[in-house]
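Worksheet: the structure to be examined is printed underneath.
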Amino acid sequence: GENVEQHPSTLSVQEGDSAVIKCTYSDSASNYFPWYKQELGKRPQLIIDIRSNVGEKKDQRIAVTLNKTAKHFSLHITETQPEDSAVYFCAASPGTYKYIFGTGTRLKVLA
Amino acid sequence: NAGVTQTPKFRILKIGQSMTLQCTQDMNHNYMYWYRQDPGMGLKLIYYSVGAGITDKGEVPNGYNVSRSTTEDFPLRLELAAPSQTSVYFCASSPQGAILVYSSPLHFGNGTRLTVT
Numbered sequence: 001g002e003n004v005e006q007h008p009s010t011l012s013v014q015e016g017d018s019a020v021i022k023c024t025y026s027d028s029a030s031n032y033f034p035w036y037k038q039e040l041g042k043r044p045q046l047i048i049d050i051r052s053n054v055g056e057k058k059d060q061r062i063a064v065t066l067n068k069t070a071k072h073f074s075l076h077i078t079e080t081q082p083e084d085s086a087v088y089f090c091a092a093s094p095g096t097y098k099y100i101f102g103t104g105t106r107l108k109v110l111a
Numbered sequence: 112n113a114g115v116t117q118t119p120k121f122r123i124l125k126i127g128q129s130m131t132l133q134c135t136q137d138m139n140h141n142y143m144y145w146y147r148q149d150p151g152m153g154l155k156l157i158y159y160s161v162g163a164g165i166t167d168k169g170e171v172p173n174g175y176n177v178s179r180s181t182t183e184d185f186p187l188r189l190e191l192a193a194p195s196q197t198s199v200y201f202c203a204s205s206p207q208g209a210i211l212v213y214s215s216p217l218h219f220g221n222g223t224r225l226t227v228t
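Top to bottom, those sequences are chains A and B. Throughout the first sequence, residue numbering follows the working numbering, covering 1 to 111 in sequence. Throughout the second sequence, residue numbering follows the working numbering, covering 112 to 228 in sequence.
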């Protein structure tokens, strides 16, 4: 069935270093790829998204890249800060308002 | 706009009891969803709705029911609560995008933490 694999499940980085989280999707019809950040005890919030007609999108320290051929997309966070510590979820959507979520990555930024 | 509002925030149920989790949104979004999130896990879709009067099952619908009588409200009903339904429940909504082929971002409520003992 349709699924999204997300790696790694946990990631620890030193403050100021970069963090990369990778997702692979199975449904070739997927054309919208959002990333959500969930702080402890809070709701998931959208931090960046990308459509299939674009290969890369950047918003300040956050960027997402998409490789449609390989069915991979990645979240890149540069110059990490302690407030970046959270769980990050990727998702893939085939445009039918259906979203398949990855299992999440717990990011810890060490001061 | 308040966005997506969920009530209650916390609830403890005994096995076999029933309850309704309320969800309302004031953004005039067509699409609404119920997800559950077990500790340390991802989001699993319970039910969704593409508009008033239309609902459909997600990945884990057993033990739950929904209704969508208005655009704003999408309550989730638990009948005969079981310990396996202990979870955090998130309601979400999304608008129909300007470009229909693409989905739109999900807007989540703050969640309801449910414990069944």
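Where is the CB? At the ideal position from N, CA and C, for every residue including glycine.
Whole-number beta carbon distance between residue j and residue i, since they are thought to touch under 8 Å
i        : j        : result
Tyr32/A  : Tyr213/B : 5 Å
Gly114/B : Gln136/B : 7 Å
Ile21/A  : Ser74/A  : 7 Å
Cys186/B : Val199/B : Note on identity: in this sequence residue 186/B is Pro, with Cys being the wrong assignment. Wrong, their Cβ atoms sit about 17 Å apart, outside the cutoff.
Ser204/B : Tyr142/B : 6 Å
Tyr97/A  : Ala91/A  : About 12 Å; that fails the 8 Å criterion.
Val227/B : Ala193/B : 6 Å
Closer than 8 Å to chain A by CB, residue i
i        : result
Leu225/B : no
Val161/B : yes
Asn112/B : no
Val212/B : yes
Gly220/B : yes
Leu189/B : no
Tyr142/B : yes
Met138/B : no
Met152/B : yes
Leu217/B : yes
Phe185/B : no
Phe121/B : no
Ser178/B : no
Ser205/B : yes
Residue i, DSSP secondary structure in three states
i        : result
Pro82/A  : helix
Ser195/B : helix
Arg179/B : coil
Glu39/A  : coil
Arg61/A  : coil
Leu217/B : coil
Glu56/A  : strand
Ser30/A  : coil
Ser12/A  : strand
Leu211/B : coil
Below-8 Å beta-carbon distance, residue i vs any chain B residue
i        : result
Leu46/A  : yes
Phe101/A : yes
Tyr112/A : Chain A is shown from 1 up to 111; residue 112/A falls before or after that span and cannot be answered.
Phe89/A  : yes
Asp27/A  : no
Gly104/A : yes
Ser74/A  : no
Asp49/A  : yes
Arg43/A  : yes
Gly16/A  : no
Gly95/A  : yes
DSSP beta-bridge partners of residue i
i        : result
Arg122/B : Leu225/B
Val171/B : DSSP output for Val171/B lists no bridge partner at all.
Glu5/A   : Thr24/A
Ile100/A : Ala92/A
Phe73/A  : Cys23/A and Leu66/A
Ala203/B : Tyr144/B and Phe219/B
Leu46/A  : Tyr36/A
Val87/A  : Gln38/A and Arg106/A
Thr116/B : Thr135/B
Gly162/B : Ile165/B
- request: Any chance you could list the beta strand (DSSP E) runs of at least 3 consecutive residues sitting entirely within the stretch 129–160 of chain B, in chain order?
  value: 130–136 and 142–148
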